[in-house]
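Here the structure comes first, spelled out in structure tokens, and everything after it is commentary.
Shown next as structure tokens:
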């Protein structure tokens with residue numbers, strides 16, 4: 001460590017110095033024998049000949065010895081080149097010289113802070129005026145300033161050539177905050193200009209170089225220097241220089257000049273090279289996903305596969321993940337967790353209701369108020385070329401005479417094309433290959449086929465009841481207590497109360513309704529505290545009615561007892577699975593079939609197919625009197641359609657025609673064919689969970705979907721007896737209380 005009396009060395013600056021103190025010479029000679037590097041720092045008192053380490057400033061500069069020549073004994077002439085700021089932490093005496101342990105502080109991070117372009121242009125102009133007035137500056141210093149290409153080097157250069165007191169230069173060296181250093185440099189140069197300038201021109205010089213916030217953007221010449229200092233790729237830099245050249249020939253503050261300056265600001269503000277380093281630790285990624293989200297195991301595994309591919313290949317997988325599910329199941333937060341796991345910046349782009357293609361590709365600069373599209377805007381917000389961008393509500397895109405936004409997304413989401421994405425505003429190619437795109441939608445129905453072909457669909461069906469209970473206990477209740485100023489545990493809810501709240505005060509696949517209900521409970525608790533009453537009410541389900549009112553979703557009261565002509569089917573709605581009763585009544589008549597209860601056309605076809613199958617298998621005797629068959633589906637508030645009720649309708653028909661009650665605690669699902677085959681249907685997981693929730697014990701399902709049972713929670717597999725069936729005869733075997741041999745004559749019931 002080498003002390004300096006009245007000199008401050010800045011990084012990137014080379015200066016010759018003469019050292020005459022013996023202990024300093026010893027330190028320099030030791031450095032020459034090692035790696036030629038020394039830590040130089042300013043003395044607090046320049047008069048001291050042998051300063052103790054405590055009398056040195058803690059921040060100095062790590063420097064490289066370029067040249068060392070003997071002078072008059074014991075003097076040594078040395079040329080030092082500053083490398084980086086450093087803060088020494090402890091010093092150890094080595095027999096006359098000090099060996100220091102130091103922390104490297106690095107360069108000032110310029111980044112993309114608002115107004116930084118204007119500030120740097122202002123400092124450059126201010127220093128040019130100061131250099132002209134300072135007689136100790138060489139004439140070529142201004143030309144040397146024009147060769148600097150880095151914003152950080154520009155700040156160091158100005159600070160090094162600012163001829164102010166050593167203590168003031170030390171303050172500038174110790175400042176690592178960009179705005180603080182800009183403010184100090186500006187203040188020092190203004191004071192020097194006031195001191196050096198003639199009285200008649202002093203005011204004009206200071207007014208012309210006023211505060212950045214009070215001046216118009218820089219001239220074309222200023223922008224040229226700034227563009228040359230930037231890290232723009234060569235083609236982009238050439239384009240920016242062309243625009244700056246145009247600007248230099250425009251009148252100040254002309255409308256066209258403002259457009260050009262704004263365009264150059266966009267080019268300079270966008271990230272062209274800056275990127276974050278991917279963190280591909282699978283254990284860490286799994287821990288983050290499990291911490292932030294309950295359940296969703298298939299989706300988590302697919303995300304971990306993508307992380308593993310990134311780790312193995314060091315590039316993004318070619319597929320675009322699309323998270324499809326109802327509102328409130330955690331699609332957006334899952335995207336944020338992916339970004340956190342990878343160590344990338346995250347930005348969300350809402351596409352719902354967008355009908356103008358220019359919202360994606362940008363507006364051309366010929367239009368008033370034009371600006372880049374949402375993709376480029378998101379990249380500027382993140383400040384990196386490899387963020388995670390979430391395209392939210394991709395199924396809500398529209399189209400009109402202004403273009404088709406979905407068509408614009410085709411290029412963005414195609415890995416073979418997005419390396420040269422062209423925004424209409426920028427008019428230069430931007431490489432999107434390192435951006436990790438994630439799409440979300442509520443349904444695949446609204447996604448255009450061409451766009452859907454570029455996506456890998458990951459369904460998020462929602463949470464079952466037990467998962468919602470765990471989410472409420474581990475996440476929602478602590479969050480609501482914190483937001484409403486309650487201490488941990490003040491909103492005391494037992495699991496039975498939470499389960500009752502979820503079942504009867506919400507009706508959703510996600511947990512937003514539960515979050516709102518818990519927030520309501522917190523507000524009631526806070527109100528009682530403020531009014532001076534008891535903070536809580538006696539535990540129990542009754543207090544939910546006291547605070548939240550009557551349940552908006554009371555239990556439908558579905559009977560699980562088997563009756564003649566009545567069975568339980570299973571369906572899927574937008575909020576999860578449902579148990580749907582099926583009732584069949586056979587009456588003397590003319591052979592009419594009546595279907596009521598909000599049935600759709602596909603469900604009516606299932607009724608006809610089930611009846612034909614029953615006739616083909618001899619359930620309806622040929623000599624029987626004509627009968628009217630009425631099929632009713634209670635719970636008319638639910639729209640019902642699809643083929644999955646065929647098995648339940650068939651069992652109810654046979655039960656009604658043969659006057660045999662269906663089995664107790666039984667539900668079934670599956671499409672039935674004319675020949676009695678039971679075909680696969682969708683939403684099996686949700687249907688099983690609905691049966692589990694309602695206390696059903698036996699579920700009959702298509703045998704071709706046996707693997708779906710393994711995806712159920714362990715508690716559901718233990719509570720449910722799931723039997724696969726392939727033929728209609730198996731439905732009758734398991735679904736009726738009496739055996740086939742005991743079936744009564746159909747004519748008796750028909751009569």
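Numbering (my numbering), first residue to last: 1 to 751. Ideal placement from N, C-alpha and C gives every residue a C-beta, glycine not left out. It should be emphasised that the depicted structure is a prediction, and the values quoted were computed from it without experimental measurement.
The C-beta of residue 92 has fewer than 16 other C-beta atoms within 10 Å across all chains shown, which makes the residue exposed. Look at residue 45 here: in three-state DSSP terms it is coil, with no helix or strand label. A residue is called buried once 16 or more other Cβ atoms fall within 10 Å of its Cβ, and residue 70, having fewer, is exposed. The continuous stretches of alpha helix (DSSP H) do not include residue 582, which lies in the beta strand (DSSP E) extending over residues 576-588.
If the five residues before and after residue 36 are omitted, its C-beta is found closer than 7 Å to the C-beta atoms of 64, 65, all from its own chain and listed in chain order. DSSP places residue 573 within a strand segment (E or B) once states are collapsed to three. A direct Cα-to-Cα measurement between residue 510 and residue 150 gives close to 50 Å. Shown here, residue 229 sits in a helix according to DSSP, grouped into three states. With three or more CB-CB distances shorter than 8 Å, the region 374-385 counts as touching the region 266-274. The beta-carbon separation of residue 613 and residue 674, rounded to 6 Å, stays under the 8 Å limit for a contact. Where residue 500 is concerned, the enclosing alpha helix (DSSP H) starts and stops at 495-504. The three-state secondary structure of residue 701, taken from DSSP, is strand.
Going by beta carbons, residue 544 and residue 486 fall outside the 7 Å limit. Between the region 335-347 and the region 401-418, the count of C-beta pairs closer than 8 Å stays below three; the two stretches do not touch. Inside the region 644-714, DSSP marks whole alpha helix (DSSP H) runs of 4 or more residues at positions 646-658, 684-693, from first to last along the chain. Contact holds between the region 593-613 and the region 639-655, because three or more Cβ pairs, one in each stretch, are under 8 Å apart. Put simply, the backbone Cα of residue 364 is about 9 Å away from that of residue 423. Between residue 82 and residue 10, the C-beta gap is smaller than 7 Å, which places the two residues in contact.
The residue among 192, 156, 482 with its C-alpha nearest the C-alpha of residue 181 is 156. Here residue 576 is near residue 462, since their CB atoms are less than 7 Å apart. Residue range 14-19 is occupied by the beta strand (DSSP E) that includes residue 18. The three-state reading of DSSP puts residue 142 in helix, counting H, G and I together. Positions of the alpha helix (DSSP H) runs, each at least 4 residues long and wholly inside the region 264-327, are given as 282-292, 297-313 in order along the chain. Under a 10 Å Cβ-count criterion, residue 21 is classified as buried, with 16 or more other Cβ atoms of the shown protein chains found around its own Cβ. Taking C-beta atoms as the reference points, residue 130 and residue 89 fail to come closer than 7 Å. Using a 10 angstroms sphere on the CB of residue 167, the tally of other CB atoms stays under 16, which defines it as exposed. In this structure, the beta-carbon distance from residue 651 to residue 663 does not fall below 7 Å. The way I'd put it, the region 287-296 doesn't touch the region 244-253; fewer than three beta-carbon pairs between them come closer than 8 Å.
With contacts defined as CB atoms closer than 7 Å, residue 412 and residue 351 fail to qualify as a contacting pair. Between residue 472 and residue 514, the beta carbon gap of about 6 Å places them in contact (Cβ cut-off 8 Å).
Secondary structure in the region 58-136: the beta strand (DSSP E) runs of 3 residues or longer, each lying completely within the stretch, are 59-70, 76-93, 98-104 in chain order. Where residue 24 is concerned, the enclosing alpha helix (DSSP H) starts and stops at 22-33. As DSSP reads the structure, residue 392 sits in a beta bridge with 350. In the three-state reduction of the DSSP assignment, residue 627 falls in the strand class, which pools E and B. Using a Cβ distance threshold of 7 Å, residue 654 and residue 669 do not count as a contacting pair. Here DSSP, grouped into helix, strand and coil, assigns residue 329 to coil.
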